[in-house]
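Here the protein sequences line up with chains A and B, keeping their order.
For the first sequence, the working numbering assigns the number 149 to the initial residue and increments by one for each residue that follows.
For the second sequence, the working numbering assigns the number 288 to the initial residue and increments by one for each residue that follows.
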Amino acid sequence: MSSVKKVTPFAGLDVLIAPALVALAYFVSAHIGFALRFPPATPSVMWPPNAILTVTLLLTPRPHWWRYLLAAFVAHLVVELQFISPLLVVVLFATNCSESLIAASFLRRFSDSPRRFDTLRRVAVLIAGAGFLAPFLSSFLDAGAVSLFLNESYWSVWRTRFLSNMLTELTIVPAAVFVISGGASLLSKASRMRLIEGGALVAGLLVVLSTLAVESSLFAAPDVPLRRIFFLPFLLWAAVRFGAGGTSLVLLVIASAVMWMGTRGHLTFLAMRPEDTIRAVQLFLILQAVPLLCLAAVIDERQQTKDTIDERLRFEKLLAHLSRAFVWVASADLDQRFQQWLKLLGGFFKADHLVLLRVSADRKELEVIHSWSASAESPGPTGTWDPHLSPEGLRKVRRWTESRGYLLCPLTIGDRVLGGLALKGAELGGIPRAERARRLELVAEVFANALQRKQSEEERDRFEFSNRQMRDELAHATRLSMMGELTASLAHELNQPLTGILGNAQAARRMLDMSPPDIDELRAILSDIIADDRRAGEMILRVRNLVRKGATEMKPLDMNVLVKDVARLLRSDAMMRNLDIRLELAADPLFVKGDHAQLQQVIVNLLLNAMDAMANHPGSDGQIVVRSGLTADRSVEVSVRDSGIGLAQSNDRIFEPFFTTKAHGMGMGLSITRSIVEAHEGSIRGENCPGGGAVFYVVLPSQTSARGLSAEATRLHR
Amino acid sequence: MSSFRHRRPPEASRPKPLVCIVDDDSSVRRALSRILISSGYQVEVFGSAAAYLDRPGAGVLPACLLVDIHMPGQSGLALCRQLAALSNTVPIILVTAFTDLKARTSGVDTGAVDVLMKPLDADILLQAVGRAVGHSAATGSSSSKVAP
C-alpha cells in the first residue's frame, strides 16, 4: 500500500541491503568530514555522518533503528580506528548517535509530519530539534571526550562541533529527506518548465561557486564576504520556488563548497585566522538558513492552502455539474450517464476503483450495477458485493463504512437504502480521509436521487409492460369473440368463391365430354377458378390477420388500405342486415404507425357498432359512411357515420368498460377500441349527427416520415 | 346493369328453356351459366335485381329464375316479393351463400319453388332447374309473353 511506502522508504529493500547502504553513506560522509577539518583539531567543520544517521532514523521505523545504528557503527569503526584509540572511537560514536537520536526523537515527538518540512511549524521543529537542541546537547559529551582523550580545549571543540553539526543537520536533513522520500516522484511529475528552472538554478549556482573558488584560490581576495552575498539570490530563488527541501539542497551545496575552500585556506575574512573565518562563515550560513527555511515553509504553506482551496473549488464545481447531470437525462440514457460520471469522479478522486451498487430485487444483498477502474488490468468487482453486508446492515451505516477495502457510502432516500457508492485506493493528493469521505457522501446524495429515479422508472416500465400485455390479451380475446359474431358473414364470403370454383370445375368436366371441347372457354374457366381461389385465400388471410395473437407490432400502415380490408370482411354482414357500407376515402395514402390487427379491430368495432345502431331503426337509410382524411394539424382521421339511434350518453361514458345499451354484448367494444387508439397515441370521440345517427372519429398521429415507406407498407399489406 | 345472353348454336328445332340468373357475384354468375348451358339451357345473367327488372319486355319469358338472396341494394327476397306482386308465374329458385336455416325458410315464404345453398353441386342445380322448368311447362307460363 502506498501509505506504508511513505513511512518506510527502505521497506522495499532487503533487511541487509538498506543497513548496508546506510553504512556506506556513513562511511563516505565520514571521509568527507575528515577531509573538512583543520588538523590537528579533531572536530570537522562539516560532519555529515550524524545528519545521515538522523535522516535514517527519521525514515525508518523505530524497532529497526538498532539495525541501522549497528551498520553505522561498523562503518564508524572502519573509518576512525585508523586515526584514534578504540575507546574514543566508541565514545565518539555514542555522542554521534545521541545527536541523531535526540534530533529524530524530537521531530517525531513534536512534528505532526516529521518527514515533511512544508509548514512553518514543521520547519520550526526541525530547526529547534535537529538544528539546535541535538548538536547543542551532544556537543557537551563530544567536547568532553575529545578534551579528555586528546587534550584539546573543551570550549573550542564544543564550539566547532556545535556550529558544524548545526549547519550539517540544517542542510542535510531536509535535503536528504526531501530527495529520498519524494524527490524521485517529484522529478517525474514536475513540468518541463520546472525542470528547466531547477537546472538553471543549479547551473547559476555552480558558475558562481566555481568563480569564487578560482578567484579565492588565486588571490586570497579580501572581499570574499561581498561575493558571498551572491548566494543570497540563489537561496531566495530556491526558497520561493523549491520549498524547504530545495533551499536546504542549495544551502548544502554552498556550505560544502565554502567549507571546502575554507579548510584549504582559500577563504580569508578581514585578515582573520582561517578557523575564525570558517566559524564566521558557518554562523553566517546558519543565520541565513534559519529564515530561509522558514520563508520556504511559509511559501509552501501558502501554496498548499491555495491548492487546497483550488481543489475544493474544483470539487464544488464538479458537484454542481453532477447535481445537474441527471436532471434532464432520458431514462434510457441513465446507465450511460452513471458510467460517465463514475469515470469523471474516479479521475477526480484519483481512485483505483469506483463502484455503484444497488439493492438486489429480493432486497437481500447488494449488487454491482456499474464500476469504473483506473486501469484495464484490474477490472472492478462485479456481481454480489459482499454477502455479509446486507442492505439492512448498510442502512445502519450512518455516513460511511469500510467494506472490502473500499470506502463505502450508502445511497439512501429517507430511511430506505437504494444502494451504495464505493471508492478504493485513493490517496487524493493529501486530502484528509475525513474530507474524502465527506465528499463521497455529497456525491452519494446525488447518485441516490438518480438511482431512485431509475428504479421508479423501471417500476413504471414494468407496470406499463404488464398493462400492455393485459391490454393485448384483452384485445385479442375480444377479437376472437368478434369473429364469432362474424362467422355467418365469413362463411358467406368464403362460399361465394367456392361456388364459383365448384361450378366452374363441374362445367369444365362437362365440356371435356363434348367433341371438340371449347378450349377457349376451358381456358376462361381455369382463369376464373384461379381468381376465385385467390379471393378465398385473401379472405382467409384477412381473418387470420385479425385473430392473430402476438405482441403489439408497430409498422407503418396505410389507413385507406386497412379500412378497405375491413369493409370487405364485413360486406356480407352488412348485406345480411340490408345495410350498405360506403367508403369515401382520401385519394392519397394515409400512413400511421400501428399494429395491423389492433387497428383493424378498431374499425371492425366501429362498423359493427354502427350496424347494431341501425338494426331495426326505422329512421335508418341503411347507409354507413366511412371517411378518411387529414385533420388541420395533419393527423390521420377516420370517421364512421351511421343513421342509427344515436348516442344516448355523454362521450366519456360510452367508452367505459361494461357500458352497453345493447341486449347482447359485454360493453367492452368501445372501451377496448379506445384503449387501442390511445396506445397508438391517438384519440377517439363520438357524437350525434344533426340529421340523426352518430359519428365516431378516430384520430391517429400521421406517419409523414413514412412516405418513403409507402412501397414497403403496401408490400406488408399484401 | 349489363345483361347478356349465352346462346348455343341451334341443335334441335325445339326452343331451349331460358334460365335467368340474378347474382351480384360475377364469378358465380359465370360458373352457374356454364353448367346450365352445357346441359342445353339458354341463359341470361343479371348483376342485380334492378338489372333484371329492367330486362327488355319483348324478351322471352324465362322458364326459371335463379336469384341470389343476399345482394347489395334490392335483395333476392325483395325481388321475389315484387315479382309476386306483379303476378309473376316464373318459378323462382333462391340461392344463398349464407348457411343458416333462417335464410332457407324465409325464401320459401316468398313463394320460391326451391332454396339452394352455395356452393352448388351441378347435379343438384340441374335437378332443381329441371323441376322448375317442368313445373313451368305444366303451368304453361313459359309461353306467356308477359314481361316481368
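Even for Gly, the Cβ is constructed at its ideal location relative to N, Cα and C.
Counting along the chain, where does the alpha helix (DSSP H) carrying residue i start and finish?
i, result
"VAL691 (chain A)", "667-695"
"PHE182 (chain A)", "165-183"
"GLU550 (chain A)", "Counting along the chain, GLU550 (chain A) falls outside any alpha helix (DSSP H), though it belongs to the beta strand (DSSP E) covering 549-551."
"TYR328 (chain B)", "Premise fails: TYR328 (chain B) is in no alpha helix (DSSP H) and is neither H nor E."
"LYS712 (chain A)", "707-724"
"TRP213 (chain A)", "213-228"
"ARG506 (chain A)", "Per DSSP, ARG506 (chain A) belongs to no alpha helix (DSSP H); it is in the beta strand (DSSP E), 501-507."
"ILE820 (chain A)", "817-827"
Just to confirm, are residue i and residue j a CB contact at a threshold of 8 Å?
i, j, result
"SER791 (chain A)", "GLY767 (chain A)", "yes"
"PHE595 (chain A)", "LEU504 (chain A)", "yes"
"ALA623 (chain A)", "ILE772 (chain A)", "no"
"SER261 (chain A)", "THR319 (chain A)", "no"
"MET194 (chain A)", "ALA444 (chain A)", "no"
"LEU379 (chain B)", "GLY651 (chain A)", "It is worth fixing the name first, because residue 379 (chain B) is Ile in this sequence and not Leu. No, Cβ-Cβ distance for ILE379 (chain B) and GLY651 (chain A) is not below 8 Å."
"PRO539 (chain A)", "VAL565 (chain A)", "yes"
"ARG316 (chain B)", "ILE308 (chain B)", "yes"
"PRO849 (chain A)", "SER783 (chain A)", "yes"
"SER787 (chain A)", "TYR845 (chain A)", "yes"
"ILE532 (chain A)", "GLU550 (chain A)", "Per the sequence shown, the amino acid found at residue 532 (chain A) is Thr instead of Ile. No, the pair does not count as a contact, with Cβ atoms beyond the cut-off."
"ASP706 (chain A)", "PRO665 (chain A)", "no"
"CYS367 (chain B)", "ALA399 (chain B)", "yes"
"PRO167 (chain A)", "GLY181 (chain A)", "no"
"LEU229 (chain A)", "VAL237 (chain A)", "yes"
Does any C-beta atom of chain B lie closer than 8 Å to the C-beta of residue i?
i, result
"ASN764 (chain A)", "no"
"ALA684 (chain A)", "no"
"GLN771 (chain A)", "no"
"GLN899 (chain A)", "The structure shown does not extend to residue 899 (chain A), since chain A spans only 149 to 866, so no value can be given for it."
"MET687 (chain A)", "no"
"MET631 (chain A)", "no"
"MET724 (chain A)", "yes"
"ALA636 (chain A)", "yes"
"GLU860 (chain A)", "Reliability fails at GLU860 (chain A), whose pLDDT of 45 lies under 50, so the model's placement of it is uncertain and no value is given."
My understanding is that residue i touches residue j, with C-beta atoms under 8 Å, so please give their C-beta distance in whole angstroms.
i, j, result
"VAL714 (chain A)", "VAL825 (chain A)", "Not quite, the Cβ-Cβ distance comes to about 15 Å (not below 8 Å), so this is no contact."
"LYS264 (chain A)", "ARG270 (chain A)", "Lys is not the amino acid found at residue 264 (chain A); the sequence shown has Arg there. The Cβ separation is near 6 Å, so the contact holds."
"LEU502 (chain A)", "LEU571 (chain A)", "5 Å"
"SER637 (chain A)", "MET762 (chain A)", "SER637 (chain A) to MET762 (chain A), Cβ: 16 Å. No contact."
"THR243 (chain A)", "ALA293 (chain A)", "6 Å"
"PRO283 (chain A)", "PHE310 (chain A)", "5 Å"
Compute the Euclidean distance between the alpha carbons of residue i and residue j, then round it to the nearest angstrom.
i, j, result
"VAL203 (chain A)", "ALA252 (chain A)", "8 Å"
"VAL163 (chain A)", "TRP213 (chain A)", "12 Å"
"ASP728 (chain A)", "VAL354 (chain B)", "20 Å"
"ALA199 (chain A)", "GLY346 (chain A)", "24 Å"
"LEU634 (chain A)", "LEU718 (chain A)", "8 Å"
"LEU413 (chain B)", "ARG789 (chain A)", "44 Å"
"LYS454 (chain A)", "HIS469 (chain A)", "22 Å"
"LEU374 (chain A)", "LEU315 (chain A)", "Here LEU374 (chain A) scores only 46 on pLDDT, less than 50, and its place in the model is too uncertain to base an answer on."
"PHE613 (chain A)", "ALA699 (chain A)", "11 Å"
"VAL388 (chain A)", "LEU440 (chain A)", "9 Å"
"VAL695 (chain A)", "ASN753 (chain A)", "14 Å"
"LEU370 (chain B)", "ASP310 (chain B)", "16 Å"
"PRO349 (chain B)", "GLU785 (chain A)", "50 Å"
"LEU399 (chain A)", "ALA499 (chain A)", "38 Å"
"VAL477 (chain A)", "ARG601 (chain A)", "10 Å"
"SER519 (chain A)", "PRO529 (chain A)", "7 Å"
"LEU218 (chain A)", "LEU542 (chain A)", "51 Å"
So is residue i in contact with chain A if we call contact Cβ pairs under 8 Å?
i, result
"SER335 (chain B)", "no"
"ASP401 (chain B)", "no"
"THR386 (chain B)", "yes"
"ALA419 (chain B)", "no"
"PRO406 (chain B)", "yes"
"VAL377 (chain B)", "no"
"ARG368 (chain B)", "no"
"VAL354 (chain B)", "no"
Compute the minimum distance between the beta carbon of residue i and the heavy atoms of the ligand MN, and state whether it is under 7 Å.
i, result
"SER325 (chain B)", "This structure does not include the ligand MN; it has no bound ligands of any sort."
Ends of the beta strand (DSSP E) at residue i?
i, result
"LYS491 (chain A)", "Not the beta strand (DSSP E): LYS491 (chain A) falls in the alpha helix (DSSP H), residues 482-496."
"ARG833 (chain A)", "831-836"
"GLU100 (chain A)", "Since the first residue shown for chain A is 149 and the last is 866, residue 100 (chain A) is missing from the structure and cannot be characterised."
Within the 8 Å Cβ cut-off, does residue i reach chain C?
i, result
"ASN643 (chain A)", "In summary, chain C is missing from the structure at hand, where the protein chains are A and B."
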